[in-house]
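Counting from 1 along the sequence shown, just add 1 to a position and that's the residue number in our numbering.
For reference, the structure discussed in these notes is given below.
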Amino acid sequence: MLMTKERRPATRTLRGWAISVLQETSAIGECEEHGWTQDRADHHARERAVEVARDHLPAGFSAEQAVAEFQDVLDTIGDTCPDCPVGDC
């Protein structure tokens, strides 16, 4: 008999969810050459991320927690790639 497992949610932590939403809204992205995550410094993308957070919160978290996690993620990501020469990113 074929046994199936119940699918787990793709994102298991608030941090992972926040990173996913920030990527989907283009608030953060990757250096095309090296793959480092970068803050796009796009105010409008950040606003879209907050709107998504308010509309599609993961279960058990408040909008304030989501916004705080966005800020924490953005605080840990730079706007340049550490492997690119200055000005190339």
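Don't be surprised by glycine CBs; every beta carbon is placed ideally from N, CA and C.
Keep in mind that this is a model prediction, so the values were computed, not measured.
Pairwise C-alpha distance: residue j and residue i
i	j	result
A64	L58	7 Å
W18	E34	25 Å
A28	T38	10 Å
V74	T14	13 Å
G61	E70	14 Å
T26	R16	15 Å
R41	I78	10 Å
R47	L23	7 Å
Q72	P86	27 Å
DSSP-derived helix/strand/coil call for residue i
i	result
T84	A small correction: the amino acid at residue 84 is Asp; Thr does not occupy that position in the sequence shown. Three-state result, D84: coil.
I78	coil
S21	helix
H57	coil
F62	coil
D73	helix
R13	coil
Beta-bridge pairing of residue i - partner residues as DSSP gives them
i	result
T38	E31
Any non-hydrogen atom of the ligand SAH closer than 7 Å to residue i Cβ
i	result
V51	Ligands are entirely absent from the displayed structure, and the ligand SAH is therefore not among its contents.
Review point. Can we say the segment 78-85 touches the segment 43-51, given the rule of at least three CB pairs closer than 8 Å?
Key: At 8 Å Cβ cutoff, the stretches do not touch.
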